Every structure is written in C-alpha cells, then in structure tokens.
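K.L.:
2 protein chains.
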Amino acid sequence: MSTSLKLGFIGLGIMGTPMAGHLRAAGHALFVSTRSKLPQDLLDAGAVACGSAREVAQKADIIFTMVPDTPDVEAVLFGETGVASGLSAGKTVVDMSSISPIDTKCFAARINEAGCDYLDAPVSGGEVGAKAASLTIMVGGPEAAFERVKPLFALMGKNITHVGGNGDGQTTKVANQIIVALNIAAVSEALVFASKAGADPAKVRQALMGGFASSRILEVHGERMIKRTFAPGFRIGLHQKDLNLALAGARALGVALPQTAGAAQLMQACAANGMKDLDHSALVKALEMMAHHPVMPDAA
Amino acid sequence: MSTSLKLGFIGLGIMGTPMAGHLRAAGHALFVSTRSKLPQDLLDAGAVACGSAREVAQKADIIFTMVPDTPDVEAVLFGETGVASGLSAGKTVVDMSSISPIDTKCFAARINEAGCDYLDAPVSGGEVGAKAASLTIMVGGPEAAFERVKPLFALMGKNITHVGGNGDGQTTKVANQIIVALNIAAVSEALVFASKAGADPAKVRQALMGGFASSRILEVHGERMIKRTFAPGFRIGLHQKDLNLALAGARALGVALPQTAGAAQLMQACAANGMKDLDHSALVKALEMMAHHPVMPDAA
Numbered sequence: 044m045s046t047s048l049k050l051g052f053i054g055l056g057i058m059g060t061p062m063a064g065h066l067r068a069a070g071h072a073l074f075v076s077t078r079s080k081l082p083q084d085l086l087d088a089g090a091v092a093c094g095s096a097r098e099v100a101q102k103a104d105i106i107f108t109m110v111p112d113t114p115d116v117e118a119v120l121f122g123e124t125g126v127a128s129g130l131s132a133g134k135t136v137v138d139m140s141s142i143s144p145i146d147t148k149c150f151a152a153r154i155n156e157a158g159c160d161y162l163d164a165p166v167s168g169g170e171v172g173a174k175a176a177s178l179t180i181m182v183g184g185p186e187a188a189f190e191r192v193k194p195l196f197a198l199m200g201k202n203i204t205h206v207g208g209n210g211d212g213q214t215t216k217v218a219n220q221i222i223v224a225l226n227i228a229a230v231s232e233a234l235v236f237a238s239k240a241g242a243d244p245a246k247v248r249q250a251l252m253g254g255f256a257s258s259r260i261l262e263v264h265g266e267r268m269i270k271r272t273f274a275p276g277f278r279i280g281l282h283q284k285d286l287n288l289a290l291a292g293a294r295a296l297g298v299a300l301p302q303t304a305g306a307a308q309l310m311q312a313c314a315a316n317g318m319k320d321l322d323h324s325a326l327v328k329a330l331e332m333m334a335h336h337p338v339m340p341d342a343a
Numbered sequence: 044m045s046t047s048l049k050l051g052f053i054g055l056g057i058m059g060t061p062m063a064g065h066l067r068a069a070g071h072a073l074f075v076s077t078r079s080k081l082p083q084d085l086l087d088a089g090a091v092a093c094g095s096a097r098e099v100a101q102k103a104d105i106i107f108t109m110v111p112d113t114p115d116v117e118a119v120l121f122g123e124t125g126v127a128s129g130l131s132a133g134k135t136v137v138d139m140s141s142i143s144p145i146d147t148k149c150f151a152a153r154i155n156e157a158g159c160d161y162l163d164a165p166v167s168g169g170e171v172g173a174k175a176a177s178l179t180i181m182v183g184g185p186e187a188a189f190e191r192v193k194p195l196f197a198l199m200g201k202n203i204t205h206v207g208g209n210g211d212g213q214t215t216k217v218a219n220q221i222i223v224a225l226n227i228a229a230v231s232e233a234l235v236f237a238s239k240a241g242a243d244p245a246k247v248r249q250a251l252m253g254g255f256a257s258s259r260i261l262e263v264h265g266e267r268m269i270k271r272t273f274a275p276g277f278r279i280g281l282h283q284k285d286l287n288l289a290l291a292g293a294r295a296l297g298v299a300l301p302q303t304a305g306a307a308q309l310m311q312a313c314a315a316n317g318m319k320d321l322d323h324s325a326l327v328k329a330l331e332m333m334a335h336h337p338v339m340p341d342a343a
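If you're matching them up, the sequences are chains E and L in order. Note that this note's numbering has the first sequence beginning at 44, numbered continuously upward. Note that this note's numbering has the second sequence beginning at 44, numbered continuously upward.
Set out below in structure tokens:
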C-alpha cells in the first residue's frame, strides 16, 4: 500500500467524524462532504471540503460513506450530484452505514457497472468504538477490494472480518442486532422474574455469569439494568431502525422471526413511553411496566 | 468439617448417580434410595441401600434429593415413607432437583418445622458436569447451613453461589433457563436470517464472536446448529419442563414473560415434530421449518 492515498468520506456525523479523523491522521489526503456543517477540527487537520458527493468521487480513489439509513445511502450514491455521477473506472466505494442487505446487493451491482468495486462494511461499537478506533467491522464484497481497503479499516477498527460477497457484511450486522436485542430481552425477563420472586438480581446475575447463560449482554447490559444507568450507549430508537431492517428483510426473504418481532414490540412500548433516547438496556422497563415491578428501584 | 459424615442421597438417575458417587468417593458414609434399580457400582463402592426415603433420613445427617420435578420432591419429602417422617432435629435437607421456587419456599418451611435446615441447590451443567464434578450450583437457604454443606457441594461442582434465602436457588435456576432458551432463539433467528440472505452462517458466527452478540450459547449451540449435531446435551423435553416452571411461576407472581412464552411455543413446535429428545439447540429447526430453509443442510 502506498504511503498516501486519496480518500473520500461522506457523512460526518457522530460516527463518521472520528472515523474520518483516523484516516486523515494516518497521513492520507481526505476529501469530505456532509449534509450538515463540516467539523472544524477535521478541516483544521487538513481535510478538503467538497461541495457535493460527486466532487468527492471525482477527487478520491476510495470513497467511504457513513449515513443513517438505506434511503440516505441511495441518495448519496445515486442522487443528482451523487457519488456515481463522479466515479471513473477503478475506484472503490465503501459503505460503512448500517442498511438493508438486499438493497446493498443492488447498490453494489450499480457501482460495479461503472467499473468500480463496492464493499459493504457496517460497524458495531458505537461512538465510543469510533473514537477509540476499536470498531468491529463486518465486510461484504470482492476479496481483492477487501485486501486493498483492509489497512484503512485497521485505522478505524480492531475486529475486522471479511464475511463474503456484497450484502454479507450488512447481513452480519442485522444478525448482530437480532442477537443483541434478543439477549437484552432474555436478561430483562430473567431479572424481572427473579426480582419479583424476591431474589437479589445482582446476586442472580453474578451466579449466572460463569455458566451457559453468560453473555456480553448479561455482563454489560445486565449491570445497567441493576444499576439503573440507562444513558446511551446505543439508543432504543436506533435499535428500532435495525430491527425494522431485520423484519423487512425477513419478509422480503420469506423468513419468520417471531422472537425478533416480539422484541421490536417491546422496544416500541419503550418508545411509546418516551424512552426512545434511552440506552437499549432500558427494554427491561417495558417488562417492568407489565409486571408493575422494577428489577431495582430507580435512583432518586 | 469432620473427616466422615453420614450422608443420604435420594434419586439415583443420570444426574444423581455420579453426584452421589463423588460424595462416597470422598470417604463419607452414604445411605441411598431410589425409585428404580440401585446402581451396582455405587453399592460396590460401599453405599448402603435403604428401603425408603424415611430410612435414609433416619440414618443420615445431611440428606440430598435429586429427582425430576416438583411433585417428585413433594412425594420424596412428605409422602407416607418420605424424608420428613424420618427426620429428627438438627439434620439438613438439600434438594438439588430443579423445581418450582414457590413450592420450594413451602417445602423449606415444613422441613424447618421439624427443627431441620433446608437448602435448595439446583445445578446446571448436565450429565457431563455431574460426571466431571464441574456443576454450577445455585443455593438458597440459611448462611450457616450453606457453609456446612459447601465442602460437599465442592465435591460435585465448581461454580457454587449462595444467592439468598430459600427459593432463591430455584429462582436463579429458572432465570438461567429463561436466558439459555432465549439466547438459543436469538442465535437461531440470526443464523436462519443470515443463511436465507445468502451469507455463510459459519463466517457470520465467527464475525459476531468478538462483539456485543457474543455469548456462551453463540459459541456452543451456534456451532451445533451449523455442524448439525443435535444429539443431547440437554433435551428439548427437559427445557420445556423448565420453561413451564418459569411461566407457571410468572403467572403466580404476576409477571409477564412474552419472549419466554414465545420460546416455549417454538420448543413445543419441535416436540410436536418428534424432536423432544434432541438437544435444545434444535430449536433452530422450528424456525427452519417456518422459513422452509435450513441454516445448513443436515448430514446425509
């Protein structure tokens, strides 16, 4: 890999800004555009502001996108002044947003038509992981393109897996969000049951940590439920978006996900009760409402 | 603790036989009774056969019970020739079966009336853990009784936690079985979705192992789903019994467990399709039937 590449980054939100910052800090030329105000820190570090996604695609060889949802990726790639309109053959588009696996396959095919490679590379780890360059990155797309971009992924994350062809990165992210949501529901139901039965939920969690019930969610989110620390973390509103991707994808694929559908309804109950911006561990509160019994009292 | 104690063990099935064997191997006097034929190995090792649970309670100072379900414990403790009819003050009854936390509190109170201590000490780890003396043991009851019996628990298990008062051990076991069932459902839905979307489920599992989706179930049961190894392990029929304890307990306590109810229905679908004696990781097959798509083909 040459010492300095011409990189583009589109979408400078809570996640994109620190991720782009890591690329620039490694000495690469960085061309950026975003819908909102450009972060001054990034410009001070030498990033070059562009007027459109098209201009970014004209000036950079590898273009990263990091935007909220499927329609945003479609607009950034294929809108009037979008990436596709500025591409020339041999460039690489890397979408790091978390979006539909099915639409991703379609987006990749359209980018391939311009003679360019496409990688879907959604992340997990949140704002903390983006700042610390410790994101988990799940990648779909051609092996050669993955190998070319891998040193750049390594500037932003730690646990980087090439899962398979285009769409497989997004599929893996959806699978991740299904498991995380259902494991949160699992710990929630277990702790509400145990607390209502009169046991100390902290001791129950401790007793379960070594056995088959052990999980990262029991460890981290179980503790949040007991200590009543529901500041995000990862917001319920965002997890609702991801479960919608799972359920819409499942409907399109002809797959029934009854437990995921149930967990989505519990998150909807949280949102309906004003908890959309709490951490997703607050799913426990939907079950606490139904039982009329909190796992532990909230702090005063 | 004195070098040799007078112990009783009632219920010498798949779990009870190796557990009683460990107690006898440590040099304690062991008085046993069981509904079925007494294991010859245990008699050869010096265990003393008794004609009834009453006789075991008359001869031993600490009496362990390990039987299938709540009515079995009730019969063994309070039946015509049961433990209670043979107790004298100062003895200790230790129920290691997995049964109702609510009935357990009642059983403990009745044993206490005879001037004896009661511990509920259900285990997890299955036949493998029983044989290897590596069971997880979750204990409810008085602190002093727990400390007295702890060295004996250490002959049968490794991860031994005193959770709280009587019933809290059984409550913890129910919480464990809720989480295990829901984590199996989580991994099942994620892998069926990923496979139907065209991704390699083995690579998806690998990519998820380091992040927030990681769990003992993703590691162990996820691999079983991919390698199609559904020999138990822990049978669906037994997990159905445990989820019945959770749902009946929840109804009695006034707690709603919608996800646990859903998982119980998936296990029921497995049982209806002749899978009651498969490992509980075969829950994935209920979702595979609904999607008309296996995560991976079964071996020929």
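Cβ coordinates follow ideal geometry from the N, Cα and C atoms, glycine included. Predicted model only: the values in this text are computed from it and were never measured.
Hey, alanine 92/E and valine 75/E: beta-carbon distance below 9 Å or not?
P.N.:
As a first step, residue 92/E is located in the first sequence; it is residue number 49 there, counting from the start. As a first step, residue 75/E is located in the first sequence; it is residue number 32 there, counting from the start. Yes.
K.L.:
For a contact meaning CB atoms closer than 7 Å, what does methionine 181/L contact in chain E?
P.N.:
Taking the first residue of the second sequence as 1, we reach residue 181/L at position 138. Within 7 Å Cβ-Cβ: Ala250.
K.L.:
Between lysine 246/L and chain E, is the shortest Cβ-Cβ distance under 9 Å, so that the two count as touching?
P.N.:
Walking along the second sequence from the start, residue 246/L turns up at place 203. Taking Cβ atoms only, chain E reaches closer than 9 Å to lysine 246/L, which makes this a yes.
K.L.:
Any idea which residues DSSP pairs asparagine 202/L with across the strands?
P.N.:
Sequence index remark: in the second sequence, residue 202/L carries index 159 (1-based). Asparagine 202/L is bridged to Thr179/L.
K.L.:
Could you please give the first and the last residue of the uninterrupted beta strand (DSSP E) stretch that includes threonine 303/E?
P.N.:
Translated into the one-based positions of the first sequence, residue 303/E becomes position 260. Segment 301-315 is the alpha helix (DSSP H) holding threonine 303/E; no beta strand (DSSP E) there.
K.L.:
Just to confirm the assignment, what range does the beta strand (DSSP E) spanning glycine 129/E have?
P.N.:
By one-based count along the first sequence, residue 129/E stands at place 86. Neither: glycine 129/E is in no beta strand (DSSP E) and is coded neither H nor E.
K.L.:
How should arginine 294/L be labelled, buried or exposed, when 16 other C-beta atoms within 10 angstroms of its C-beta is the threshold for buried?
P.N.:
Residue 294/L sits at position 251 when you count from the first residue of the second sequence. The residue in question, arginine 294/L, is exposed, as its Cβ has fewer than 16 Cβ neighbours within 10 Å.
K.L.:
Can you check which of these residues, Ala304/E, Phe273/E, Gln283/E, Ala312/E, is closest to leucine 321/E by C-alpha distance?
P.N.:
By one-based count along the first sequence, residue 321/E stands at place 278. It is Phe273/E whose Cα lies nearest to the Cα of leucine 321/E.
K.L.:
If we count the other Cβ atoms within 10 Å of its Cβ and call it buried at 16 or more, is proline 337/L buried or exposed?
P.N.:
Along the second sequence, read from residue 1 onward, the residue named residue 337/L stands at position 294. It counts as buried.
K.L.:
Report buried or exposed for histidine 282/L, applying the criterion of at least 16 other Cβ atoms within 10 angstroms of its Cβ.
P.N.:
Here the question's residue 282/L lines up with position 239 in the second sequence. Histidine 282/L is buried by the Cβ-count criterion.
K.L.:
What is the rounded straight-line gap between the Cα of alanine 157/E and the Cα of aspartate 87/E?
P.N.:
Reading the first sequence from its first residue, position 114 is the one you call residue 157/E. Reading the first sequence from its first residue, position 44 is the one you call residue 87/E. Going by the C-alpha atoms only, they are around 33 Å apart.
K.L.:
Where does methionine 44/L sit, in a helix, a strand or coil, going by DSSP?
P.N.:
One-based indexing of the second sequence puts residue 44/L at position 1. Unreliable positioning characterises methionine 44/L in this predicted model, as indicated by a pLDDT of 47, which lies under 50. The coordinate reading is nonetheless provided below. Correct three-state label for methionine 44/L: coil.
K.L.:
Give the interface partners of leucine 73/L over in chain E, defined as CB-CB distance under 9 Å, in chain order.
P.N.:
In the second sequence, the residue the question calls residue 73/L occupies position 30. The contacting residues do not exist; leucine 73/L stays about 27 Å from chain E at best.
K.L.:
Name the residues in the segment 220-236 of chain E whose C-beta lies less than 9 Å from a C-beta of chain L; which are they?
P.N.:
Going along the segment 220-236 of chain E in chain order, one finds Gln220, Ile221, Ile222, Val223, Ala224, Leu225, Asn226, Ala228, Ala229, Val230, Ser231, Glu232, Ala233, Leu234, Val235, Phe236 with a Cβ nearer than 9 Å to chain L.
K.L.:
Put glycine 70/L into one of helix, strand or coil per three-state DSSP.
P.N.:
For this step, residue 70/L is matched to residue 27 along the second sequence. In this structure, glycine 70/L counts as coil in the three-state DSSP scheme.
K.L.:
From glutamate 262/E to methionine 181/L, what does the alpha carbon distance come to, in whole angstroms?
P.N.:
Stepping through the first sequence from its first residue, residue 262/E is reached at position 219. Stepping through the second sequence from its first residue, residue 181/L is reached at position 138. C-alpha separation (whole angstroms): 18 Å.
K.L.:
Would you say arginine 267/E faces chain L, with C-beta separation under 9 Å as the test?
P.N.:
Along the first sequence, one-based indexing puts residue 267/E at 224. No, because no Cβ of chain L sits closer than 9 Å to the Cβ of arginine 267/E.
K.L.:
Between the beta-carbon of alanine 173/E and the beta-carbon of isoleucine 279/E, is there less than 9 Å?
P.N.:
Here residue 173/E is taken as the residue at index 130 of the first sequence, counted from 1. Here residue 279/E is taken as the residue at index 236 of the first sequence, counted from 1. Not a contact, by the Cβ cut-off of 9 Å.
K.L.:
Report the residues of the segment 292-307 of chain E with a CB closer than 8 Å to any CB of chain L, ordered along the chain.
P.N.:
Answer set for the segment 292-307 of chain E: Gly292, Ala293, Leu296, Gly297, Val298, Ala299, Leu300, Pro301, Gln302, Thr303, Gly305, Ala306.
K.L.:
How far does the beta strand (DSSP E) with phenylalanine 107/E in it reach, from first residue to last?
P.N.:
Here the question's residue 107/E lines up with position 64 in the first sequence. First-last of the beta strand (DSSP E) with phenylalanine 107/E: 105-108.
K.L.:
Along the segment 325-341 of chain E, where does the CB come closer than 8 Å to a CB of chain L? Name the residues.
P.N.:
If the cut-off is 8 Å between Cβ atoms, the segment 325-341 of chain E has Leu330, Met333, Ala334, His335, His336 near chain L.
K.L.:
Assuming contact is defined by CB atoms lying nearer than 9 Å, are alanine 228/E and alanine 306/E in contact in what I supplied?
P.N.:
Residue mapping note: residue 228/E aligns to position 185 of the first sequence, counting from 1. Residue mapping note: residue 306/E aligns to position 263 of the first sequence, counting from 1. Yes. Within cutoff.
K.L.:
For a contact defined as C-beta to C-beta under 7 Å, what are the partners of proline 396/E on chain L?
P.N.:
This structure cannot speak to residue 396/E, because chain E is shown only from 44 to 343.
K.L.:
Measuring from the CB of lysine 270/E, is there a heavy atom of the ligand GDP at a distance below 8 Å?
P.N.:
Summarising the ligand content, the structure contains no ligands, and the ligand GDP is consequently not present.
K.L.:
Secondary structure at isoleucine 53/L, three-state DSSP: helix, strand or coil?
P.N.:
The residue you call residue 53/L lines up with position 10 of the second sequence. Three-state result, isoleucine 53/L: strand.
K.L.:
Please report the distance separating the alpha-carbon of leucine 48/L from that of isoleucine 221/E.
P.N.:
By 1-based counting over the second sequence, the position of residue 48/L is 5. By 1-based counting over the first sequence, the position of residue 221/E is 178. Those two C-alpha atoms are separated by around 51 Å.
K.L.:
Do isoleucine 105/E and valine 192/E have their beta-carbon atoms positioned less than 9 Å apart in this structure?
P.N.:
Your numbering for residue 192/E matches position 149 in the first sequence. Your numbering for residue 105/E matches position 62 in the first sequence. Against a cut-off of 9 Å, the Cβ pair of isoleucine 105/E and valine 192/E comes out as a contact.
K.L.:
In whole angstroms, what separates the C-alpha of methionine 44/L from that of glycine 200/L?
P.N.:
Within the second sequence, the letter at position 1 stands for residue 44/L. Within the second sequence, the letter at position 157 stands for residue 200/L. Note that methionine 44/L scores a pLDDT of 47, beneath 50, so its modelled location is shaky; the value from the coordinates is reported in the next line. Each residue's Cα considered, the two are about 18 Å apart.
K.L.:
Can you say whether glutamate 190/L is buried or exposed, counting buried as having 16 or more other CB atoms within 10 angstroms of its CB?
P.N.:
Position 147 of the second sequence holds residue 190/L. Under this definition glutamate 190/L is an exposed residue.
K.L.:
Can you find the residues in the same chain that come closer than 8 Å, C-beta to C-beta, to leucine 286/L, ignoring five residues on each side of it along the sequence?
P.N.:
Walking along the second sequence from the start, residue 286/L turns up at place 243. Correct list, in chain order: Gln220, Ile221, Ala224, Thr303, Ala306, Ala307, Met310.
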